[in-house]
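Heads up: the sequence lines are chains W and Y, in that order.
Numbering-wise (the working numbering), the first sequence opens with residue 60 and increments by one.
Numbering-wise (the working numbering), the second sequence opens with residue 60 and increments by one.
For each residue, glycine too, the CB sits at the ideal point set by N, CA and C.
Number of protein chains: 2
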Amino acid sequence: MSYHHGNLREALLRRAVQVIADSGVEAVSLRGLARDLGVSHAAPRRHFADRRALLAALAQEGFRRSLQAMEDGAREAGDDPIARHRALGRSYVRFACEDPAYFRAINHPEVSDLVDHELAAAKRRWFTTLREGAEAAQRAGWHPEADPQALVAFSVAAAMGAATLFADERWHGVTGGSDAEKLADDVLDLVVHRSRTSAPRARKRTASRSKRNERSAS
Amino acid sequence: MSYHHGNLREALLRRAVQVIADSGVEAVSLRGLARDLGVSHAAPRRHFADRRALLAALAQEGFRRSLQAMEDGAREAGDDPIARHRALGRSYVRFACEDPAYFRAINHPEVSDLVDHELAAAKRRWFTTLREGAEAAQRAGWHPEADPQALVAFSVAAAMGAATLFADERWHGVTGGSDAEKLADDVLDLVVHRSRTSAPRARKRTASRSKRNERSAS
DNA sequence: TGCCAATGTATCCATCGACAACATCGAACC
DNA sequence: GGTTCGATGTTGTCGATGGATACATTGGCA
């Protein structure tokens with residue numbers, strides 16, 4: 060092996076994702092990652108000032124991925140603002156289930172308490188997307204009577220709560236053995252009713268999306 | 060000082076609650092607690108096998124307290140199952156805001172991942188209460204069309220999400236400078252509409268409860 | 001009174017984060 | 001081509017922590 064690793068920073072992040080998926084955020088240690096990658100225990104320090112900086116980088120990537128998923132979902136949902144808003148929430152829940160490591164990184168207290176400008180900005184973008192989605196949906200007729208701020212808070216709470224419920228293994232017993240995809244759809248329906256969306260038949264569908272929607276269309 | 064502390068176990072738990080409130084669950088260390096209480100660093104071991112056991116005890120007490128709050132809230136909400144179910148959620152959010160240390164203990168990943176029979180039982184009781192509340196509310200006309208399991212999951216997700224939103228300081232910027240009590244009420248209204256509850260005027264009110272509700276009645 | 005279980009103490013070890021001094025590599029520059 | 005220097009990795013160290021074990025003290029009970 061060469062003296063220099065080549066791309067230690069990326070390797071550390073990738074390995075950390077694995078560790079989080081396997082054993083949780085608590086199990087991430089700089090020394091442990093260094094061992095796993097065959098470098099000295101102080102090598103990670105060249106790339107991350109401390110443990111929290113590494114976790115912050117992971118959380119930032121998590122926000123980026125979840126936001127990407129939400130925007131993709133909204134785009135595929137078509138033009139109706141209510142359908143788009145539902146898709147934001149549904150996509151976030153799907154992200155949490157498919158990328159639990161990043162989801163845990165985002166929501167871990169040790170990360171959330173962190174003051175980090177980049178991370179705070181990523182979080183703000185995430186929140187803004189959901190807020191604008193809620194506001195647009197309200198203008199389109201979703202809970203017109205409600206306080207807009209409450210509607211935004213409700214959207215955030217429902218998205219976070221549902222994502223936590225479906226992504227955390229410790230709640231799998233609660234959700235029962237039933238089909239998680241269908242259950243998640245049903246829960247989202249209680250937040251933003253599909254029946255309120257204007258045009259399910261006129262919705263543009265991509266090839267990747269159509270398969271996912273087959274069940275919920277029944 | 061006497062050789063024996065007297066009630067070290069309780070003192071450890073009380074001090075841990077303070078530390079969590081001040082600096083979060085991560086800041087709880089057995090040695091730190093021992094220092095704060097003026098005992099040797101190994102003394103806590105007599106009462107808690109390890110750090111997680113102490114956190115588990117805290118979480119257990121947290122479940123007990125939140126459940127107590129929820130049951131009290133439901134009792135004060137009267138007989139209508141829908142009003143009672145709303146009160147369960149509202150009381151949980153209030154518990155999270157008033158006892159953030161216990162709320163954090165309950166939801167901290169390091170605690171949730173723990174396998175502990177007592178803790179699991181407490182959690183199960185908490186969930187069962189919310190499940191039965193949701194089922195009773197549905198029988199009384201709350202979302203009669205919905206899949207019962209989805210309705211339960213929606214209730215859990217909304218309660219957890221709202222509690223997280225209102226209890227975690229890191230979201231205070233999101234909820235804006237507005238009155239948190241009113242906002243929480245408005246959010247809960249989006250989960251279980253007060254207008255759907257049968258008899259707000261016939262509701263029994265205790266002295267302690269009536270003051271709290273004055274604002275939300277406006 | 002004397003024994004003993006409960007409780008606290010004194011030490012020791014491994015791991016971890018953090019820091020500092022040193023080593024190696026490669027690329028830019030002359 | 002050789003030199004210099006910044007980026008990157010290594011080694012050694014320190015203090016804090018969790019965890020384990022052997023020992024000391026206390027108070028209650030037989």
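Please decide whether residue i counts as near chain Y, where near means a Cβ-Cβ distance under 9 angstroms.
i                : result
Gln127 (chain W) : no
Leu249 (chain W) : yes
Ser237 (chain W) : yes
Ser171 (chain W) : yes
His176 (chain W) : no
His202 (chain W) : yes
Leu229 (chain W) : The question names Leu, but residue 229 (chain W) is Arg in the sequence shown. So yes, Arg229 (chain W) belongs to the interface.
Would a check of beta-carbon distances place residue i closer than 9 angstroms to chain W?
i                : result
Gly220 (chain Y) : yes
Glu85 (chain Y)  : yes
Arg74 (chain Y)  : no
Ala217 (chain Y) : yes
Ala276 (chain Y) : With a pLDDT of 36 at Ala276 (chain Y), under the threshold of 50, the modelled position of that residue is not reliable, and no figure is offered here.
Val78 (chain Y)  : no
Going along chain Y, which residues have a C-beta under 9 angstroms from residue i?
i                : result
Ala187 (chain W) : Note that residue 187 (chain W) corresponds to Thr in the displayed sequence, not to Ala. Under the 9 angstroms cutoff, chain Y gives no residues; its nearest Cβ is about 10 angstroms from Thr187 (chain W).
Report the CB separation of residue i from residue j in whole angstroms; it is logged as a contact under 8 angstroms.
i                : j                : result
Pro168 (chain Y) : Val84 (chain W)  : 6 angstroms
Ala70 (chain W)  : Pro159 (chain W) : Contact flag wrong, Cβ pair sits at about 21 angstroms.
Phe122 (chain Y) : Leu113 (chain Y) : Not a contact, Cβ separation roughly 15 angstroms.
Asp131 (chain Y) : Ser150 (chain Y) : 7 angstroms
Ala199 (chain W) : Asp139 (chain W) : 7 angstroms
Val87 (chain W)  : Ala75 (chain W)  : 5 angstroms
Arg153 (chain W) : Val251 (chain W) : 15 angstroms between Cβ atoms; not a contact.
Can you list the residues of chain Y that residue i reaches, using a CB-CB cut of under 8 angstroms?
i                : result
Asp206 (chain W) : Leu242 and Asp245
Could you list which residues in chain W have their beta carbon closer than 7 angstroms to that of residue i, in chain order?
i                : result
His334 (chain Y) : No answer is possible for residue 334 (chain Y): the residues shown for chain Y start at 60 and end at 277.
By the DSSP assignment, the alpha helix (DSSP H) with residue i in it spans what residues?
i                : result
Glu69 (chain Y)  : Leu67 to Ser82
Gly220 (chain W) : Pro207 to Ala226
Arg286 (chain W) : Here chain W has residues from 60 to 277 only, and residue 286 (chain W) is not among them.
Asp95 (chain W)  : Leu89 to Leu96
Give the residues of chain Y in contact with residue i, contact being defined as C-beta atoms less than 7 angstroms apart.
i                : result
Ala212 (chain W) : Leu224, Thr234, Leu242 and Val246
Could you list which residues in chain W have their beta carbon closer than 8 angstroms to that of residue i, in chain order?
i                : result
Ala209 (chain Y) : Leu242, Asp245, Val246, Asp248 and Leu249
Arg163 (chain Y) : Pro168
>> Please give me, in chain order, every unbroken run of the beta strand (DSSP E) with length at least 3 that falls completely inside the region 129-204 of chain Y.
In response: none
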